[in-house]
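For the sequence shown, UniProt numbering assigns the number 1 to the initial residue and increments by one for each residue that follows. Just so you know, even glycine gets a beta-carbon here, dropped at the ideal spot from N, CA and C. Computed from a predicted model, the values in this text were never measured in an experiment.
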Amino acid sequence: MTTEASSARQDGLALRVENLSKRYGAFHALRGITLGIRRGTIHGLLGENGAGKSTLVGLISGQRVPSEGRIFLDGEEIQGADVKRMEAAGVFLVPQEPMIIEHMSVMENLMLGLWPAKRGFVAWRRMRENAARMLAGTGIDAERLAGTLDAVARRKLNILRAMFSGGSIIILDEPTAALTVPDRLQLFAFMRQLRASGVTFIFISHFNDEILDICDAVSVLRDGELVATCEEVCSLSSSQLSEFVLGRELDLFQRDRRPAHALVSAEVISLFGVSGLNDDKLCVDRLELQPGEIIGFTGLPGEGAKELARGLFGLLPLRSGQISFPREPACSLPQRPDQALAMGIAYLSDDRRRDGVVGHLSIRENIALSSLPRRLRAGLVDEGEERQVCTSYFRRMGIKADSAEDAVNTLSGGNQQKVCLGRVLATLPRLLILDEPTRGIDVGVKQDVLRILDQLSQAGVSVIIVSTDVDELARAADRICIFQRGRIAHVVSGDDISTDRLRQLAQ
Numbered sequence: 001m002t003t004e005a006s007s008a009r010q011d012g013l014a015l016r017v018e019n020l021s022k023r024y025g026a027f028h029a030l031r032g033i034t035l036g037i038r039r040g041t042i043h044g045l046l047g048e049n050g051a052g053k054s055t056l057v058g059l060i061s062g063q064r065v066p067s068e069g070r071i072f073l074d075g076e077e078i079q080g081a082d083v084k085r086m087e088a089a090g091v092f093l094v095p096q097e098p099m100i101i102e103h104m105s106v107m108e109n110l111m112l113g114l115w116p117a118k119r120g121f122v123a124w125r126r127m128r129e130n131a132a133r134m135l136a137g138t139g140i141d142a143e144r145l146a147g148t149l150d151a152v153a154r155r156k157l158n159i160l161r162a163m164f165s166g167g168s169i170i171i172l173d174e175p176t177a178a179l180t181v182p183d184r185l186q187l188f189a190f191m192r193q194l195r196a197s198g199v200t201f202i203f204i205s206h207f208n209d210e211i212l213d214i215c216d217a218v219s220v221l222r223d224g225e226l227v228a229t230c231e232e233v234c235s236l237s238s239s240q241l242s243e244f245v246l247g248r249e250l251d252l253f254q255r256d257r258r259p260a261h262a263l264v265s266a267e268v269i270s271l272f273g274v275s276g277l278n279d280d281k282l283c284v285d286r287l288e289l290q291p292g293e294i295i296g297f298t299g300l301p302g303e304g305a306k307e308l309a310r311g312l313f314g315l316l317p318l319r320s321g322q323i324s325f326p327r328e329p330a331c332s333l334p335q336r337p338d339q340a341l342a343m344g345i346a347y348l349s350d351d352r353r354r355d356g357v358v359g360h361l362s363i364r365e366n367i368a369l370s371s372l373p374r375r376l377r378a379g380l381v382d383e384g385e386e387r388q389v390c391t392s393y394f395r396r397m398g399i400k401a402d403s404a405e406d407a408v409n410t411l412s413g414g415n416q417q418k419v420c421l422g423r424v425l426a427t428l429p430r431l432l433i434l435d436e437p438t439r440g441i442d443v444g445v446k447q448d449v450l451r452i453l454d455q456l457s458q459a460g461v462s463v464i465i466v467s468t469d470v471d472e473l474a475r476a477a478d479r480i481c482i483f484q485r486g487r488i489a490h491v492v493s494g495d496d497i498s499t500d501r502l503r504q505l506a507q
């Protein structure tokens, strides 16, 4: 053991990086990061989209090569690090989307690539013994098909697979994305158990409350630089974390919620007689939206909030349902997205990677995609009008880029979400439906998005926000519908709206 390794053992450091930098041409993605991660702790990594978090963990996990700097594990320098070498040393990156082979069992997924063999055949008995040992106390059945696991069990399985492969330092990239509050608490309890057994975690999150809840220490990145590290998270407040992240005091958005009597109008958007193909999954007798009203939909997964939103845009087959707009006769709900767009209904998906941006296209081209039919003249696109309109939305959304001609894949996640929002707004909707619009974006961009929605509502656009983030809904919505068993079980409005009340009703 080298002197440095002995010193690292004494200091309790599992991982240390010195002067770590990454350049792409003239662009500095990361500048001179020096940081230590204590063994057997959960170390949070916080920062805005584009702050350098992904670059840093990419270097630590061997997915990227540093331009400068050194990486030490237990005091021993790792040279020429790549993924294979870092995993052999015990460093594993668990991505945000769980990597699961759905047609295989939990046991087969757990030991993927490491199935025990005997005389050229799979040693199933030893495999079951290993699985039983790894899964003890998790409540996960080794023989169960992995594709039937819920979201939190999938994340547990990915963590356990990293541990079975020799992982002792596990990097979790926003593991709570799409998890309900109970699932998140279950995952945190699981992480605490593993921490007690000596596992070290690097935990990436956009949520201050998660950092304060689960982490022992936290480091904050801003513009590619390390601006703060605190070894005692319990000494911090949420507002202090936000100031570290933003470099200024957070101006938290709070909608000037309209009182109930101001939401009474004869000109409403009405939904009625909505039922899913299976009535117990979705059944909404009537729902009215006032002009400029922001309504929140929330509830546990599968309880109806997301299903109704998708059904309104023609993405989910419905048995029945009608909609009427002011001064227009009622008509059947759209069966396809193109029909919905023609009615003036726009939808922003919760899956930015699958349904969001087209990475190789420019910002302008992405914004133009949904509104192309509006700009056709004799079958040809009016490029002048398209450029003018899209440049207008580029500025209106406050997208951080040199110009609207920049490729979307050069943007941070938060700015990509602004591009998606600009694209749906360019269709000039009367009803805008947004599914988890602030998921996976930093606290500053969140406030930007909520302010944009507030401006839309003031222009008379009715907005539906589907979200499991009740704090966000409490600040942004005039009225909130809580779904249970496919029905609107509770409606909260005005002064009755509070995060505690919403959490209580949504359970």
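Notebook entry, point to check: Is the number of C-beta pairs between the region 53-63 and the region 230-245 that are closer than 8 angstroms three or more?
Noted result: No, because fewer than three Cβ pairs between the region 53-63 and the region 230-245 fall closer than 8 angstroms, the two stretches do not touch.
Practice task
Buried or exposed for Ala8, please, with buried defined as at least 16 other CB atoms from any protein chain shown within 10 angstroms of its CB.
Solution key: On the sequence shown, position 8 is the one that residue 8 refers to. Residue confidence for Ala8 is low, a pLDDT of 48 falling below 50, so the modelled location carries little weight and cannot support an answer.
Q. Tell me the DSSP bridge mates of His43?
A. Within the sequence shown, numbered from 1, the residue matching residue 43 stands at position 43. Beta-bridge pairing links His43 to Ile202, Ala217.
- Mapping DSSP to helix, strand and coil, what is Ala51? As a first step, residue 51 must be located in the sequence shown, where it is residue number 51. Looking at Ala51 - three-state DSSP - the assignment turns out to be coil, as it is neither helix nor strand.
message: Are the CB atoms of Leu73 and Ala89 within a distance shorter than 8 angstroms?
response: Translated into positions along the sequence shown, residue 89 becomes position 89. Translated into positions along the sequence shown, residue 73 becomes position 73. Yes, they are a contact pair.
Check: Are Thr34 and Thr200 close, meaning C-beta to C-beta below 8 angstroms?
Finding: Here residue 34 refers to the residue found at position 34 of the sequence shown. Here residue 200 refers to the residue found at position 200 of the sequence shown. Result no, Cβ atoms of Thr34 and Thr200 do not sit closer than 8 angstroms.
Out of Leu425, His43, Leu318, state which residue places its alpha-carbon closest to the alpha-carbon of Gly304.
Here the question's residue 304 lines up with position 304 in the sequence shown. Among Leu425, His43, Leu318, the Cα nearest to that of Gly304 is on Leu318.
Gly413: buried (16+ other C-beta within 10 angstroms of its C-beta) or exposed?
Position 413 of the sequence shown, counted from the start, is the residue given in the question as residue 413. Gly413 should be labelled buried.
Residues in its own chain within less than 8 angstroms of Met134 by CB, not counting five upstream and five downstream?
Locating residue 134 in the sequence shown gives position 134, counting from the first residue. Cβ within range, chain order: Leu110, Leu160, Met163, Phe164.
**OP:** Could you tell me whether the region 350-357 touches the region 417-425, using the rule of 3 or more Cβ pairs below 8 angstroms?
**Re:** yes
Practice problem: Give the DSSP-derived three-state secondary structure of Gly36 in the structure shown. | Solution: Taking the sequence shown and counting its residues from 1, the one referred to as residue 36 is at position 36. Note: Gly36 maps to strand in three-state DSSP.
Practice item. Verify whether the separation of the beta carbon atoms of Ser21 and Ser67 is less than 8 angstroms. Key: For this step, residue 21 is matched to residue 21 along the sequence shown. For this step, residue 67 is matched to residue 67 along the sequence shown. Result yes, Cβ atoms of Ser21 and Ser67 sit closer than 8 angstroms.
Exercise. Below 8 angstroms between beta carbons: does that hold for Asp173 and Ile204?
Worked result: Against the sequence shown, residue 173 aligns to sequence position 173. Against the sequence shown, residue 204 aligns to sequence position 204. Yes.
Take the Cβ of Thr468 as the centre, count every other Cβ of all protein chains shown within 10 Å, and call the residue buried at 16 or more, exposed below.
Position 468 of the sequence shown, counted from the first residue, corresponds to residue 468. Per the 10 Å Cβ criterion, buried.
Count the other CB atoms, across all protein chains shown, that sit within 10 Å of the CB of Met1; report buried if there are 16 or more and exposed otherwise.
Locating residue 1 in the sequence shown gives position 1, where the first residue counts as 1. Confidence at Met1 is low in this model, with a pLDDT of 46, below 50, so the placement of that residue is unreliable and no value is reported for it.
Quick one: give me the first and last residue of the alpha helix (DSSP H) that Gly80 is part of.
For the purposes of this step, residue 80 is identified with residue 80 of the sequence shown, where counting begins at 1. Here Gly80 belongs to no alpha helix (DSSP H), and DSSP marks it neither H nor E.
Compare the beta carbon distance of Ser235 and Leu226 with 8 angstroms and say whether it is the shorter of the two. Residue numbering aside, residue 235 sits at position 235 when the sequence shown is read from its first letter. Residue numbering aside, residue 226 sits at position 226 when the sequence shown is read from its first letter. Contact: no.
C-alpha distance - Arg16 paired with Asp402, whole-angstrom precision: For the purposes of this step, residue 16 is taken as residue 16 along the sequence shown, with counting starting at 1. For the purposes of this step, residue 402 is taken as residue 402 along the sequence shown, with counting starting at 1. Straight-line Cα distance between these residues: approximately 35 angstroms.
Where Lys156 falls: helix, strand or coil (DSSP): Translated into the one-based positions of the sequence shown, residue 156 becomes position 156. Helix, per DSSP.
Checklist entry - Which parts of the region 389-420 are runs of the beta strand (DSSP E), unbroken and 3 residues or longer, counting only runs that do not cross its ends? => result none
So, with DSSP's three-state summary, where would you put Val491? For the purposes of this step, residue 491 is taken as the residue at position 491 of the sequence shown. Looking at Val491 - three-state DSSP - the assignment turns out to be strand.
DSSP state of Ile497 mapped onto helix, strand, coil
The sequence position of residue 497 within the sequence shown is 497, counting from 1. Reduced to three states, the DSSP call for Ile497 is coil.
Q.
Under 8 angstroms: do the region 450-465 and the region 292-299 share three or more Cβ pairs, one atom per stretch?
A. Yes, the region 450-465 touches the region 292-299.
- Item | Status (buried if at least 16 other CB within 10 Å, exposed otherwise) for Phe27 | Here residue 27 corresponds to residue number 27 of the sequence shown, with the count starting at 1. Phe27 comes out exposed.
task = Output yes or no for whether 8 angstroms exceeds the beta carbon distance between Lys156 and Ile140.
result = Here residue 156 corresponds to residue number 156 of the sequence shown, with the count starting at 1. Here residue 140 corresponds to residue number 140 of the sequence shown, with the count starting at 1. Going by C-beta atoms, Lys156 is nearer than 8 angstroms to Ile140.
Worksheet entry | Close Cβ partners of His43 (< 6 angstroms) along its chain, the five nearest in sequence each way excluded | The residue you call residue 43 lines up with position 43 of the sequence shown. Counting only Cβ-Cβ distances below 6 angstroms, and skipping sequence neighbours, we find Ile37, Ile202, Ala217.
Next item on the list: Answer yes or no: do Asp478 and Arg257 have a C-beta to C-beta separation smaller than 8 angstroms?
Entry: As a first step, residue 478 must be located in the sequence shown, where it is residue number 478. As a first step, residue 257 must be located in the sequence shown, where it is residue number 257. Yes, they are a contact pair.
*For His261, count neighbouring C-beta atoms within 10 Å of its own C-beta (all shown protein chains included) and say buried if the count is 16 or more, exposed if not.*
Here residue 261 refers to the residue found at position 261 when the sequence shown is read from its first residue. At His261 the pLDDT is 48, less than 50, meaning the model places this residue with poor confidence; the figure from the coordinates comes in the next sentence. His261 counts as exposed, since fewer than 16 other C-beta atoms from the protein chains shown sit within 10 angstroms of its C-beta.
*Since Asp471 contacts Thr499 with CB under 8 angstroms, what's their CB separation in whole angstroms?*
Reading the sequence shown from its first residue, position 471 is the one you call residue 471. Reading the sequence shown from its first residue, position 499 is the one you call residue 499. With a Cβ gap of about 5 angstroms, Asp471 and Thr499 count as contacting.
- Under 8 angstroms between C-beta atoms of Leu300 and Thr180: The residue you call residue 300 lines up with position 300 of the sequence shown. The residue you call residue 180 lines up with position 180 of the sequence shown. Yes, they are a contact pair.
| query | From Phe121 to Arg154, what does the alpha carbon distance come to, in whole angstroms? | reply | What you label residue 121 is simply residue 121 of the sequence shown in a count that begins at 1. What you label residue 154 is simply residue 154 of the sequence shown in a count that begins at 1. Distance between the alpha carbons of Phe121 and Arg154: 28 angstroms.
Exercise. For the region 239-325, which segments carrying the alpha helix (DSSP H) assignment without a break, of at least 4 residues, lie completely within its bounds, in sequence order?
Worked result: 305-312
| task | Inspect the CB distances between the region 479-494 and the region 450-459 and report whether three or more fall short of 8 angstroms. | result | no
Which residue wins for smallest C-alpha separation from Asn19, given the options Gly198, Leu30, Gly25, Cys390? The count along the sequence shown starts at 1 and reaches residue 19 at position 19. If we check each option's Cα against that of Asn19, Leu30 comes out closest.
Assigned exposure category for His206 - 16 Cβ within 10 Å defines buried = Residue 206 sits at position 206 when you count from the first residue of the sequence shown. That one is buried.
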